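**Q** Chains as they are written, first to last, in the numbering used here: chain A, 1081 to 1951; chain W, 42 to 163.
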Amino acid sequence: MSTPPTIVLVGHGMVGQRFLEALAERGLTATHRVVVLCEEPRPAYDRVQLTSYFSGKTPEELSMTDMEFIAAHGIELYVGDPAETVDREARTVTAKSGQVFEYDTLVLATGSYPFVPPVPNKDAEGCFVYRTIEDLLAIEEYARTKATTGAVVGGGLLGLEAAGALKGLGLTSHIVEFAPRLMPVQVDEGGGAALLRTIEDMGLTVHTGVGTQEIVTDASGAVTGMKLSDGSELATDLVVFSAGVRPRDQLARDCGLTVGERGGITVDEQCRTVADPHVFAIGECALASDGRVYGLVAPGYEQAETAAATIAADETDQLSFTGADLSTKLKLLGVDVASFGDAHGTTDDCLDVVYSDSRSGLYKKLVIGRDGTLLGGILVGDADAYGTLRALTGSVPPISPESLVLPAGSGGGAQLGPSALPDEAVVCSCHNVTKGSIRGAVTDHQCATVPEVKKCTKAGTGCGSCVKVLGQLVTAELEASGVVVDKGLCGCFSQTREELYEIVLALRINTFQDLLDRYGREDARGGDGCEICKPAVGSIIASLAPTIGASVYVLDGEQAALQDSNDHFLANLQKNGSYSVVPRIPGGEITPEGLIVIGEIARDFGLYTKITGGQRIDLFGARVEQLPLIWARLVDAGFESGHAYGKALRTVKSCVGQTWCRYGVQDSVRMAIDLELRYRGLRSPHKLKSAVSGCARECAEAQSKDFGVIATSNGWNLYVGGNGGATPRHADLLAQDLSDAELVRLIDRFLMFYIRTADRLERTSTWLERIPGGLDHVRDVVVEDSLGICEELESLMAAHVSTYRDEWAETINNPEKLARFVSFVNAPDTPDPVVGFVPERDQIKPDLPLLSIGMRPLENAEDVLEGSAQR
Amino acid sequence: MTLAPETTDLKIQLRLDDGKGAEDAWFTVCDLSHLLPGRGVAALLPDGRQVALFRDRGGRLYAVDNRDPFGGAAVLSRGLIGTHQGRPFVASPLLKQRFDLLSGQCLDDETVRIATYEVRAA
Ligand code: SRM
Ligand SMILES: Cc1cc2nc3c(=O)[nH]c(=O)nc-3n(C[C@H](O)[C@H](O)[C@H](O)COP(=O)(O)OP(=O)(O)OC[C@H]3O[C@@H](n4cnc5c(N)ncnc54)[C@H](O)[C@@H]3O)c2cc1C
Ligand code: SF4
Ligand code: FES
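1) Between ASP150 of chain W and chain A, is any beta-carbon pair separated by less than 9 Å?
2) Just the C-alpha distance for MET1306 of chain A and ALA1243 of chain A, rounded to the nearest angstrom, thanks.
3) Comparing alpha-carbon positions, which option in W:PRO129, W:ARG80, W:GLY79 and W:ASP50 lies nearest THR69 of chain W?
4) Determine whether the beta carbon atoms of THR1576 of chain A and ASP1839 of chain A lie at a separation below 9 Å.
5) Can you tell me the Cα-Cα spacing of ALA162 of chain W and LEU143 of chain W, whole angstroms?
6) Whole angstroms is fine: what's the gap from VAL1902 of chain A's alpha carbon to VAL82 of chain W's?
7) Round the Cβ separation of GLY1271 of chain A and LEU1246 of chain A to the nearest angstrom and send it over; I've been treating them as touching at under 8 Å.
8) Examine chain W for any beta-carbon lying closer than 9 Å to the beta-carbon of HIS1648 of chain A, and answer yes or no.
9) Does any CB atom of chain A fall closer than 9 Å to the CB of THR124 of chain W?
10) Given a threshold of 16 other Cβ atoms within 10 Å of its Cβ, counted over all protein chains shown, does GLY1093 of chain A qualify as buried or as exposed?
11) Measure the alpha-carbon distance for ARG1098 of chain A versus GLN1266 of chain A and round it to whole angstroms.
12) Taking Cβ positions only, does ARG2021 of chain A come closer than 9 Å to chain W?
13) How is GLU1182 of chain A classed by DSSP in three states: helix, strand or coil?
14) Please report the Cβ distance between PHE1181 of chain A and THR1297 of chain A, rounded to the nearest whole angstrom; I am assuming they are in contact, meaning their Cβ atoms lie under 8 Å.
15) Is it true that the CB of VAL1090 of chain A sits closer than 9 Å to the CB of VAL1187 of chain A?
16) Can you say whether SER1645 of chain A is buried or exposed, counting buried as having 16 or more other CB atoms within 10 angstroms of its CB?
17) Examine the Cβ distances between the region 1897-1911 of chain A and the region 1692-1706 of chain A and report whether three or more of them are shorter than 8 Å.
18) Comparing C-alpha positions only, which one of A:PHE1321, A:VAL1677 and A:ALA1361 sits nearest to GLY1340 of chain A?
19) Taking the alpha-carbon of ARG1760 of chain A as reference, which of A:TYR1884, A:ALA1640, A:GLU1874 and A:VAL1373 has the nearest alpha-carbon?
20) Measure the Cβ-Cβ separation of GLY1657 of chain A and VAL116 of chain W and say whether it is below 9 Å.
21) For the region 1456-1470 of chain A against the region 1273-1289 of chain A, do three or more pairs of beta-carbon atoms, one drawn from each stretch, fall closer than 8 Å, so that the two count as touching?
22) Output needed in chain order: residues of the region 1571-1589 of chain A with a Cβ under 8 Å from some Cβ in chain W.
23) Contact between the region 1924-1933 of chain A and the region 107-114 of chain W: three or more CB pairs below 8 Å?
24) Got a sec: does ligand 1 put a non-hydrogen atom nearer than 8 Å to the Cβ of THR1692 of chain A?
25) Classify CYS1543 of chain A as helix, strand or coil using the three-state DSSP reduction.
26) Is the shortest distance between the beta-carbon of ASP97 of chain W and the beta-carbons of chain A less than 9 Å?
27) Answer with yes or no whether the minimum CB distance from LEU77 of chain W to chain A is below 9 Å.
28) Thinking LYS1515 of chain A and ALA1528 of chain A are a contact (beta carbons under 8 Å), I'd like their distance in whole angstroms, please.
29) Tell me the residue span of the beta strand (DSSP E) that contains CYS1437 of chain A.
30) Any beta-carbon of chain A closer than 9 Å to the one on CYS147 of chain W?
31) Have a look at A:ASN1794, A:ASP1268, A:VAL1533 and A:GLU1364 and flag the residue whose alpha-carbon is nearest the alpha-carbon of GLY1425 of chain A.
32) Name the residue from A:PRO1808, A:TYR1633 and A:CYS1613 whose alpha carbon lies nearest to the alpha carbon of ALA1622 of chain A.
33) Quick check: THR1252 of chain A and THR1288 of chain A, are their CB atoms within less than 9 Å of each other?
34) For a quick check, are the C-beta atoms of PHE1321 of chain A and VAL1507 of chain A less than 9 Å apart?
35) Whose C-alpha, out of A:ILE1827, A:ALA1821, A:VAL1533 and A:GLY1804, is nearest the C-alpha of LEU1813 of chain A?
36) Give, in chain order, every residue of the region 1633-1647 of chain A whose Cβ lies closer than 8 Å to some Cβ of chain W.
Here it is, written out as C-alpha cells:
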C-alpha cells in the first residue's frame, strides 16, 4: 500500500489540539495522514477560560483552532463526528457517521466527563454540568428565562467558578460542599476559613459539610429545590453539578485496553497504553505512569509532547512524562486563591510559615523544608506573589520566608520580584516555560512586548496566571539590555501625557497640529496624528481651554476633529450605531416634572429607558438625527449634558442625608449638587466619579469614588483614589473634618494635580498607585503645598468653573454643527437602515440579526436619494 | 484620490464600480465643504450600500465601506482618522480596530479587509 502511515486522534480538546501542533512541529503531518475525530460541534477551544464566556468572550474568541493550520498541514478534521468503536485487531476506528478509518497509531485524547452523583432526579429539567460551551449556552438560556436562584453542587475550584458565573448571570447563588471547607483539595483549614469569608462577602451562600440527597421537582419535572443531608431543603430553580470529573475511558474499555481501578487509560512514561503499543492516551483520560489522572491542562500538554516525540521516535528528543505540578489559581470570581507545590505540607519534617488576618480575609501559608527550601504554599485574599513563589518552589528563597508572607508595607514585609528567580525557574507552568527562555525571547529573538513574547514562547497563553510576572520580566530584560523602554504616548509623540500637558500649558499651545508639528516624533510631524494622541491632546486642550486661549466648546474648530467619536456626537455610541442620552441629574435629585419630561421624551422617541448605576436615567436607541431633537426638548426643560460620553466628571452620587435621614449629620444632597455643578464639564485623563454620604454609614458609596466625601459631625472627610470597575480600590482618606470651603479648595487642587500628572486613561486609583511617593506625595503637594503650585491649581480650576457652558445647549443653537447630526450627508432625512430594534420586556433592544446581515433593503432608495445629492 | 484646492463649488464624487471609467460613473455625493478635515461623513449609494468619506488635514479624500465588519454597525464614518507609518487609517468607534484608508486592509487582523472606493473633488 502506498498510502502514508495514518495517525488517528480521537478527541479534539485542548490536549488533542496541542498534540496536533506537536506533530506539525516535528514534521509528522508531512509524512503521515492525520485524522481527527471531534465529538463536540466545534473544534478545540480554550476550556480553561470557559467561564470568561460569561464576561463577554465569544465562542469564536475561545477557539484554539486555527483552521489555516489544519488546512496547511492537511489534517482531516471531522467535527461533530465522535469515534464509536475501535477494532484493535483490524486497527480501525469507526465513527458515528459510519466512516471507518484504518490507523497505524491511535491516540486517545477523550478528556473527562463531569461526575454527577447518583441522586434521585439528577436529570430533571434545570440540572446542568459545567464542561463545554454547549453547557454554558444551556445554563445561560435557563438562567435568563426560568431561574432566579441557582445552586452549585461542589465547592472545589470549578464549583466556585461556576457559582461566580451564576451570580454574574444575576442569580442568587448557593454552593453546597460535602467537605467541611471550600476548595478542600487546594487549601487547608485556615485558608478555607479566609476563603469562606471572602466568598460570603461577595453575596454567595455557602453550605459546607452537607451532601445533596435528592433533587426536588415540580409536577412538570423542573427543579424547585434540593434536599440536603442535614435534613434541610434548599429552594433553587437551577442546579449545576460540579462534583469532580471522571476520565472518559469507555471507548478504551470496550476495546479491551487496560484501565485503572478508578478509571483512566493506563499508559507508560511514553504515554503508550500498556496493553497495545499502537495506542496512546493523553490528557485527562490517561492514567499516568505515576498512578495519577491529571485534571489540569499543563500536564496534558506535556503528555501531548511526549506522545508526539515518541511517535516521531526522535531519539534526541526522547521525552517522558513522569508526573507534574498541580499548582492552581482561581479565576474570575474576584477572589485571590492560589495553591502550589506541597500545599498541605505532606513532606517529612517540613515547617509552616503562616500569616493570617481574618478581618481582611487574608491567609498565606508557605511550606518550608528543613534546609529552607520552599516546598509549596497557599495564598488566600492576596495572590500577587503567586507567579514568583511558584517559580521559586524547590529552591531556597533569597529572603526569609517570614518576610514573604507579611503584607507589603507592614514593616517586616518584603516584595520579592521576579528578578530574584533563577534562569531555570519555570515561570509559566501551563507551557513549561522557564525564566531563561523568556529572557532569551527578548535578547535573542528581539521580542520587545509581552504579546510578542507570548507568541514566541507560548508563555502566558494558558491559564494566564503568569502574565503579570511575564510583563515584569520583559521590562526588566529590556531595561537591562540598554533598550530605552519607550514611554511615549503613542507612535506620534515621544512624550508622556504629563509632559505634553506641561508643554501645552507653558507654551500656551492651543492646537493639535501646532503641537504635533513642533513636538511630535520626526516622522509624525505634518501627519494626522492617531486615535490615541488626538483625543488625549484634545482632552488636555479642553481641560486648559480658558487658560491657553482655546475655545471652551469642544466642537469648535479643530477641536471637533480631535474628539473621540462619542464626544464628537455628545452621546454614547451603542453596538448597532444608535446612541444613548444621559441628562445630568446633579446629586441624583430630580423633580416629578423633570421625571415626566424625560418620560415623555422617551415615549415620543420610542427610547429604551434605564436607571443607571450613577443615580440618573439613560435613554437608549436614539438615531443620530434624533439627538438634536431630543436635546432641544431636554434643554428646554432645563436639563444639560451629563457628559456620560466624555472623559469628564460623570456623577456625584448622594444619599438623602441630614434633611431626611435620622442618622445624617450634614446636608449631603446639597454638597453633592454643589460639587457636581462645580466640576461638570471638566475634561480629565479618565472619567471622574464622586459621591457624598451624610454619615459614616456611607449609603452613597463615597469610598469607591475618585473623590468621595463623608460627613462628620465636624464637617467633611475627603477620600480619594477609590474605584469600582475591574480592579476595585477603596479610597484613601486625604483630610478630615473640613469646612465646606476647605473641602472645595482641596478637591480643586487634587483634581487639577491629577489632570496635570496622570497618564491617558489612568483613573485616580491607578495614578495614586503609580506616582512616586503615592498618597503621601499627593498630600504633601495638595495639602502642604510642597511644590508651591497650589495657587496655580486653584486658579486653573477657577477658570474652568467660570467659563463652563453646556455643550448641548451650544450645539442645538448652532446650525452648522447641527448639520453633522445626520446618518447620510447626501440623504439627511434618511435614517440608517442598519439601526433597527425589536421588542424586549415592553421596551426595545437592538436588532442583532440585522447587524450580522448588515443591510435591510431600503424602501424606495431611489426616491429618497433623488434631489438630495446636490445638497 | 486627488489633491483638492479648496473652493466652495467643488463636489465630492465617488466612482461606482462599473469599471468602464465613463464620466457618468462618477456619483456626486455632497459639497467638499461638508467634510471637516480630520473627520468623516457617511453617504448612501443608490443600491443601499453605505460609504464612509474622509478628508485628512492635507485635503486628501478617502472613501471606504461604512460597515464595521467586526461589529456589523454602519459607523466607520464616525471613527477617528490618523497616520500609521505614513499611511492613512480610520479607527472604528466600536472596538477601535484600524483600517488602512487606501487598501481597506484591517491593521489589527490580517484576514479582514473592507471595500474602498475611488473618490475625487470636481
Ligand atoms: C449606564 C451605566 C450602566 C447602567 O446601566 O447603570 C454604565 C454604562 C457604561 N459604562 Fe460604566 N456605566 C455605569 C456605571 C458604572 C459604575 C457605577 C458607578 O458609577 O457608580 C462603574 C464602577 C465605578 C467606577 O467607575 O469606578 C462603572 C464602571 C465602568 C468601567 C470601568 C472603569 C474602571 O476604572 O475600571 C468602564 C470602562 C472604562 O471606562 O474604561 C465603563 C464603561 C461604560 C460604558 C461607557 C461602556 C461603553 O464604552 O459603551 C457604558 C456606556 C453606556 C452608555 O452608552 O450610556 N464603566 N460604570 C452606568 C452609568 C452611570 C451614569 O449615570 O453615568
Ligand atoms: C470550567 C473549567 C475550568 C478549568 N480551569 C482550569 C485551570 O484553571 N487550569 C487547568 O490547568 N485546567 C483547568 N481546567 C481543566 C482543563 O480544561 C482540562 O484539563 C483540559 O481541557 C484537558 O484537556 P483534554 O484534551 O484532555 O480534554 P478535553 O479538553 O475535555 O477534550 C476532550 C475532547 O474529546 C472529546 N471526545 C470524548 N470522547 C470522544 C470520542 N469518542 N470521539 C471523539 N471525541 C471525543 C470530548 O468531546 C472533548 O471535546 C478547567 C476545566 C473546566 C471545565
Ligand atoms: S449615609 Fe448616613 S445620612 Fe446618608 S442615608 Fe445613609 S445612614 Fe442616612
Ligand atoms: S502558567 Fe498558565 S499561562 Fe502561564
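By construction, the Cβ of each residue, glycine as well, lies at the ideal position given by its N, Cα and C atoms. This one's a predicted model, so the numbers in the text were calculated from it and none came from an experiment.
**A** On the basis of the data shown:
1) Translated into the one-based positions of the second sequence, residue 150 of chain W becomes position 109. No, ASP150 of chain W does not count as interfacial toward chain A.
2) Here residue 1306 of chain A is taken as the residue at index 226 of the first sequence, counted from 1. Here residue 1243 of chain A is taken as the residue at index 163 of the first sequence, counted from 1. Cα-Cα distance, rounded: 16 Å.
3) As a first step, residue 69 of chain W is located in the second sequence; it is residue number 28 there, counting from the start. The option with the nearest alpha carbon to THR69 of chain W is W:ASP50.
4) Here residue 1576 of chain A is taken as the residue at index 496 of the first sequence, counted from 1. Here residue 1839 of chain A is taken as the residue at index 759 of the first sequence, counted from 1. For THR1576 of chain A and ASP1839 of chain A, yes; Cβs fall inside 9 Å.
5) Counting from one through the second sequence, the residue named residue 162 of chain W turns up at place 121. Counting from one through the second sequence, the residue named residue 143 of chain W turns up at place 102. Whole-angstrom Cα-Cα distance: 16 Å.
6) For the purposes of this step, residue 1902 of chain A is taken as residue 822 along the first sequence, with counting starting at 1. For the purposes of this step, residue 82 of chain W is taken as residue 41 along the second sequence, with counting starting at 1. Their backbone Cα atoms lie some 9 Å apart in a straight line.
7) Walking along the first sequence from the start, residue 1271 of chain A turns up at place 191. Walking along the first sequence from the start, residue 1246 of chain A turns up at place 166. With 8 Å as the limit, GLY1271 of chain A and LEU1246 of chain A do not qualify as a contact, their Cβ atoms being about 23 Å apart.
8) Here residue 1648 of chain A corresponds to residue number 568 of the first sequence, with the count starting at 1. At least one chain W Cβ lies under 9 Å of HIS1648 of chain A.
9) Here the question's residue 124 of chain W lines up with position 83 in the second sequence. Closer than 9 Å: yes.
10) Residue numbering aside, residue 1093 of chain A sits at position 13 when the first sequence is read from its first letter. By the 10 Å Cβ count, GLY1093 of chain A comes out buried.
11) For the purposes of this step, residue 1098 of chain A is identified with residue 18 of the first sequence, where counting begins at 1. For the purposes of this step, residue 1266 of chain A is identified with residue 186 of the first sequence, where counting begins at 1. Cα-Cα distance, rounded: 27 Å.
12) Because chain A spans 1081 through 1951 in this model, residue 2021 of chain A falls outside it and cannot be assessed.
13) If you number the first sequence from 1, residue 1182 of chain A lands on position 102. In this structure, GLU1182 of chain A counts as strand in the three-state DSSP scheme.
14) Translated into the one-based positions of the first sequence, residue 1181 of chain A becomes position 101. Translated into the one-based positions of the first sequence, residue 1297 of chain A becomes position 217. Contact doesn't hold; Cβ gap of about 43 Å is too wide.
15) Numbered from its first residue, the first sequence carries residue 1187 of chain A at position 107. Numbered from its first residue, the first sequence carries residue 1090 of chain A at position 10. Yes, Cβ-Cβ distance for VAL1187 of chain A and VAL1090 of chain A is below 9 Å.
16) Reading the first sequence from its first residue, position 565 is the one you call residue 1645 of chain A. Label assigned to SER1645 of chain A: buried.
17) yes
18) Here residue 1340 of chain A corresponds to residue number 260 of the first sequence, with the count starting at 1. Looking at the Cα atoms, A:ALA1361 is the closest of the given residues.
19) Start at 1 with the first residue of the first sequence, and residue 1760 of chain A comes out as number 680. Checking every option, the nearest Cα to that of ARG1760 of chain A belongs to A:TYR1884.
20) Along the first sequence, one-based indexing puts residue 1657 of chain A at 577. Along the second sequence, one-based indexing puts residue 116 of chain W at 75. Cβ distance < 9 Å, so GLY1657 of chain A and VAL116 of chain W count as in contact.
21) yes
22) GLY1571 and CYS1572
23) yes
24) Translated into positions along the first sequence, residue 1692 of chain A becomes position 612. Under cutoff, so the answer is yes.
25) Translated into positions along the first sequence, residue 1543 of chain A becomes position 463. DSSP places CYS1543 of chain A in coil when its eight states are reduced to three.
26) Mapped onto the second sequence, residue 97 of chain W falls at position 56. It does; some Cβ of chain A falls within 9 Å.
27) Residue numbering aside, residue 77 of chain W sits at position 36 when the second sequence is read from its first letter. Closer than 9 Å: yes.
28) On the first sequence, residue 1515 of chain A is found 435 positions in, with the first residue counted as 1. On the first sequence, residue 1528 of chain A is found 448 positions in, with the first residue counted as 1. At roughly 18 Å, the Cβ-Cβ gap does not stay under 8 Å, so LYS1515 of chain A and ALA1528 of chain A are not in contact.
29) As a position in the first sequence, residue 1437 of chain A is number 357, starting the count at 1. Per the sequence shown, residue 1437 of chain A should be read as Asp rather than Cys. Residues 1431-1437.
30) In the second sequence, residue 147 of chain W corresponds to position 106, counting from 1. No, its Cβ sits nowhere closer than 9 Å to a Cβ of chain A.
31) The sequence position of residue 1425 of chain A within the first sequence is 345, counting from 1. The shortest Cα separation from GLY1425 of chain A among A:ASN1794, A:ASP1268, A:VAL1533 and A:GLU1364 belongs to A:ASP1268.
32) For this step, residue 1622 of chain A is matched to residue 542 along the first sequence. Nearest of A:PRO1808, A:TYR1633 and A:CYS1613 to ALA1622 of chain A, Cα basis: A:TYR1633.
33) For this step, residue 1252 of chain A is matched to residue 172 along the first sequence. For this step, residue 1288 of chain A is matched to residue 208 along the first sequence. The answer is no: Cβ separation not under 9 Å.
34) The sequence position of residue 1321 of chain A within the first sequence is 241, counting from 1. The sequence position of residue 1507 of chain A within the first sequence is 427, counting from 1. For PHE1321 of chain A and VAL1507 of chain A, no; Cβs fall outside 9 Å.
35) Here residue 1813 of chain A refers to the residue found at position 733 of the first sequence. Checked all of A:ILE1827, A:ALA1821, A:VAL1533 and A:GLY1804; the closest Cα to LEU1813 of chain A is A:ILE1827.
36) GLU1638, ALA1640, ALA1641, LEU1642, ASP1644, SER1645 and ASN1646
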